[in-house]
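Here the structure comes first, spelled out in structure tokens, and everything after it is commentary.
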Amino acid sequence: EAVMVFEDDSPGPVEVVGTPGTLRNLAAWTISIPYVDFFEDEVKKERTPVFCIDVERHDRKNG
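Adding 2 to a residue's 1-based position in the sequence shown gives its number in the numbering used here.
Below is the structure:
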């Protein structure tokens with residue numbers, strides 16, 4: 003089971019740019035997991051790991 007939460011520091015609305023099937027230069031991306039936390043589910047009495055994943059794209063031009 004997975005849940006995705008998207009948080010972005012960019013000002014304004016986020017637009018999806020690109021064409022389906024277009025290749026991306028993943029070597030120009032920096033990906034890190036700065037911390038791992040736990041979500042406490044009070045109903046199920048479980049702790050679920052939550053990973054913070056930080057992605058920086060260095061292949062895009064600003065503007």
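Yeah, the Cβ is synthetic: ideal placement off N, Cα and C, and Gly gets one too.
{"Asked": "When the Cα atoms are used, what is the spatial distance from K63 to E44?", "Found": "45 angstroms"}
{"Asked": "Our contact map puts A57 next to I35 with C-beta atoms below 8 angstroms; I'd like the distance itself, whole angstroms only.", "Found": "The sequence shown places Val at residue 57, not Ala. About 10 angstroms; that fails the 8 angstroms criterion."}
{"Asked": "Would you tell me roughly how many angstroms separate the C-alpha atoms of R59 and W31, rounded to the nearest one?", "Found": "5 angstroms"}
{"Asked": "Could you spell out the range, first to last residue, of the beta strand (DSSP E) harbouring R49?", "Found": "E48 to R59"}
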